[in-house]
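To convert, count from 1 in the sequence shown and add 2; that's my numbering.
Idealized CB from N, CA, C, for every residue including glycine.
Remember, predicted model here, so these are calculated numbers, not experimental data.
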Amino acid sequence: TNLEAGDGIHITYTVENYNSGKLAPYFTDNHYFTLFYPVKISNYSLLVHPTAKFKHQFSNGGFEPVKSTKEGMDLYVWEKKDIPSIKDEPFMSTIVDFGEVLYLSSIPDWKFVSNWYSDLALTKAKSDFEVKEAAAKIFNDKDGGTNASLSKLDKAKLIHKYIVENIRYSSVSFRQSGLVPQKASKVINTRVGDCKDVSTLFVALCKEAGIDSARLVLINTRDNGKKDLLLPSIDFNHCIGNLTIDGKQYFVELTSDKNGFSTFPNTLKNSFALPVYAENEGKSEEPFYLTAPTKIPDNIIRSSTVKISGKEMVIETKSVKTGDWASEMRYSYADIPESERRKRLLEVLTGDNASVKLNTFTFNNLDAISDSMVYEYNYTQGNAVNQITNLNVFSIPWSGKHTSIQFMSAEERKYPVNFWDYVEFDRSEEKLTVTFPEGKKLAETPKNVKLSCVAADYSLTYKIVNNKLEATRVLTIKKDIVLPAEYNELKKFFEKVVEEDTRQLAYK
């Protein structure tokens, strides 16, 4: 209680780890030499038997250890002094992607990790009575009681639907192992499982349905950083299913009933992935960053009509959201009463404008387990038109418009931008048709705009059809992470986007 500014606290602690089975002779570790606070001395020492083989690597920068011997052992010491703190920046990447992080591993290669996990999971995916019974239930009443007419892809989709509808996702440390999956039959009986449990059940049911290509994939999600697993390690934080059908690969997320078969969360895109193979398969794959041509894009497609009357606009919009955006809509609206849906949607539409009235709304497939989501709404926006002399001035009510770029207010950045965390879609497309009051017309048709930068493309097109203004806005994302050297280009791009999104037009 008597600590004051400038005082220091010294903490010493010991952690002992014991591995069993195939992992027993091996070790992995990492040490951060870059942190958000200043460090006087950062030291990592490794005492290891001279015959032990291991690798060490820095994520960025780095330096060689000082090596000596001590009591017949090899001593490696990495030490750095007077390390300054790093300053937090909005949407910055994780430290591993730009800081000095030391990785160590004595695991021979990634094939060893893949085979090791297969040994853990293989027995858990065995077909037994419960698995056979579940498979029979899934395909019951298909093609008159048989499943002969179902393609392998149809079967896989039915298995996905069964799991997300019947197994509740839960990860509780005292009930479930951090590494070993539960038996598929136990997951069926308890109706509870975490990511590796439901993925193991998926593989078991696929095998029962004759889809022999089904396997597990270990994942380290991209919010942990692109350089988080530089050397062979078991430090994965997620597990999904994978299968190959007709030459196409499908990666299947099974932890939520809000995701369609070809949808997975934003954090899974470009994540670090390792397929799991048994040693007797004689096959292995190096880790890769997850991209899936069969994945449904995370798109937002809107079509709206805008009718201007006096100072008001009546706006009717149909929105189609696909991929993870469809999932997000279901998370937001599926499990709440109609009154709460109205309140939540109104809050989204209101934004900075308090003069908004929500007239009608419908969610067409809110409870479906699908890769798309359609909803429509009609609202009135008051005080939308201002009069200046003989001109009536208004802004186009884009739903996805950018009104500021507050996080890009800095003149420069030192660290990468996780752009995927700022703009969480692949493509946003919006078309509006504006109808002017009787006898009025647009004073001047604005020029079409096309912008491009390293991370995104933007276009805005206008045309007059039967005295109505048709405007189309498209924003397409091309890159996940923006480097500091690319920051100024991104900033100038979005400054122009904000200018165009908030541009005022006039009619008379």
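{"Check": "For Asp145, count neighbouring Cβ atoms within 10 angstroms of its own Cβ and tell me buried if that reaches 16, exposed if not.", "Outcome": "Residue confidence is low: Asp145 scores 49 on pLDDT, short of 50, so the model does not pin down where it sits. Its coordinate-derived value is still stated next. When all chains shown are included, Asp145 counts as exposed."}
{"Check": "As an exercise, report each continuous beta strand (DSSP E) stretch of at least 3 residues that is fully enclosed by the segment 426–498, in chain order.", "Outcome": "429–437, 451–454, 458–467 and 470–479"}
{"Check": "Looking only at DSSP bridge pairs, what is Val166 linked to?", "Outcome": "Bridge partners of Val166: none, in fact."}
{"Check": "Let's test the definition: count the other Cβ atoms within 10 Å of the Cβ of Glu288 and tell me whether it reaches 16, buried, or not, exposed.", "Outcome": "exposed"}
{"Check": "Taking DSSP as the reference, what is the three-state secondary structure of Asn536?", "Outcome": "Nothing can be reported for residue 536: it is not among the residues displayed for the chain, which extend from 3 to 510."}
{"Check": "Spatial neighbours of Gly147 within its chain, please: C-beta separation below 8 Å, excluding the five flanking residues on both sides.", "Outcome": "Because the pLDDT at Gly147 is just 48, under 50, the model does not fix this residue reliably, and the value given afterwards should be weighed accordingly. Cβ within range, chain order: n/a, list empty."}
{"Check": "Pick from Ser258, Asn62 and Phe141: whose alpha carbon is nearest that of Val194?", "Outcome": "Ser258"}
{"Check": "Spatial neighbours of Lys320 within its chain, please: C-beta separation below 6 Å, excluding the five flanking residues on both sides.", "Outcome": "Ser305 and Glu378"}
{"Check": "Helix, strand or coil, according to DSSP, for Val219 in the structure here?", "Outcome": "strand"}
{"Check": "Going by other Cβ atoms of all chains shown within 10 Å of its Cβ, with 16 needed for buried, is Glu210 buried or exposed?", "Outcome": "buried"}
{"Check": "Kindly indicate which three-state DSSP category Asp9 falls into: helix, strand or coil?", "Outcome": "coil"}
{"Check": "So what does DSSP say about Lys154, is it helix, strand or coil?", "Outcome": "helix"}
{"Check": "From Gly64 to Phe114, what does the alpha carbon distance come to, in whole angstroms?", "Outcome": "27 Å"}
{"Check": "Helix, strand or coil for Tyr39 per DSSP?", "Outcome": "coil"}
{"Check": "Less than 8 Å between CB atoms is the rule here; does Ser215 satisfy it with respect to chain D?", "Outcome": "No chain D is part of this structure, which consists of one protein chain only."}
{"Check": "Would you tell me roughly how many angstroms separate the C-alpha atoms of Ser61 and Val98, rounded to the nearest one?", "Outcome": "6 Å"}
{"Check": "List the endpoints of the continuous beta strand (DSSP E) containing Thr307.", "Outcome": "Asn301 to Ser311"}
{"Check": "Which residues in the same chain as Ile190 place their Cβ atom closer than 6 Å to its Cβ, once the five residues preceding and following it in sequence are excluded?", "Outcome": "Glu132 and Ala136"}
{"Check": "Taking only the alpha-carbon atoms, compute the straight-line gap between Ser411 and Tyr46 and give it to the nearest angstrom.", "Outcome": "38 Å"}
{"Check": "Are Glu432 and Ser401 touching if we call contact CB-CB under 8 Å?", "Outcome": "yes"}
{"Check": "Alpha carbons only, please: which of Ser95, Pro399 and Ser120 is nearest the one belonging to Glu502?", "Outcome": "Pro399"}
{"Check": "Using CA coordinates, which residue listed in Lys83, Ser153 and Ser108 is at the minimum distance from Pro52?", "Outcome": "Ser108"}
{"Check": "Can you list, in chain order, the residues of its chain whose CB lies under 7 Å from that of Ser201, leaving out five sequence neighbours each side?", "Outcome": "Leu218, Cys241, Ile242, Gly243 and Leu256"}
{"Check": "Whose C-alpha, out of Lys69, Asn272, Gly312 and Ala186, is nearest the C-alpha of Ser129?", "Outcome": "Ala186"}
{"Check": "Rounded C-beta distance between Leu360 and Arg344? I'm assuming under 8 Å.", "Outcome": "6 Å"}
{"Check": "Going by the CB atoms, is the gap between Asn380 and Val387 shorter than 8 Å?", "Outcome": "no"}
{"Check": "On the DSSP letters alone, give me the boundaries of the alpha helix (DSSP H) that Lys345 sits inside.", "Outcome": "Glu340 to Thr352"}
{"Check": "Considering only C-alpha positions, which residue in the set Glu73, Tyr464, Leu348 and Gly325 is nearest to Glu446?", "Outcome": "Tyr464"}
{"Check": "Look up Ser22 in the DSSP assignment and say whether it is helix, strand or coil.", "Outcome": "coil"}
{"Check": "According to the Cβ coordinates, are Arg332 and Thr269 closer than 8 Å?", "Outcome": "no"}
{"Check": "If you check the beta carbons only, do Glu314 and Thr382 fall under 8 Å apart?", "Outcome": "yes"}
{"Check": "If contact is defined by three or more beta carbon pairs under 8 Å, each pair taking one atom from either stretch, is the segment 11–27 in contact with the segment 77–94?", "Outcome": "no"}
{"Check": "Answer with buried or exposed for Leu232, where buried requires no fewer than 16 other C-beta atoms within 10 angstroms of its C-beta.", "Outcome": "buried"}
{"Check": "With 16 other CB atoms within 10 Å as the buried threshold, where does Pro295 fall?", "Outcome": "exposed"}
{"Check": "Could you pull out every residue in the same chain whose Cβ sits closer than 8 Å to the Cβ of Tyr424, ignoring the five residues on either side in sequence?", "Outcome": "Phe93 and Phe409"}
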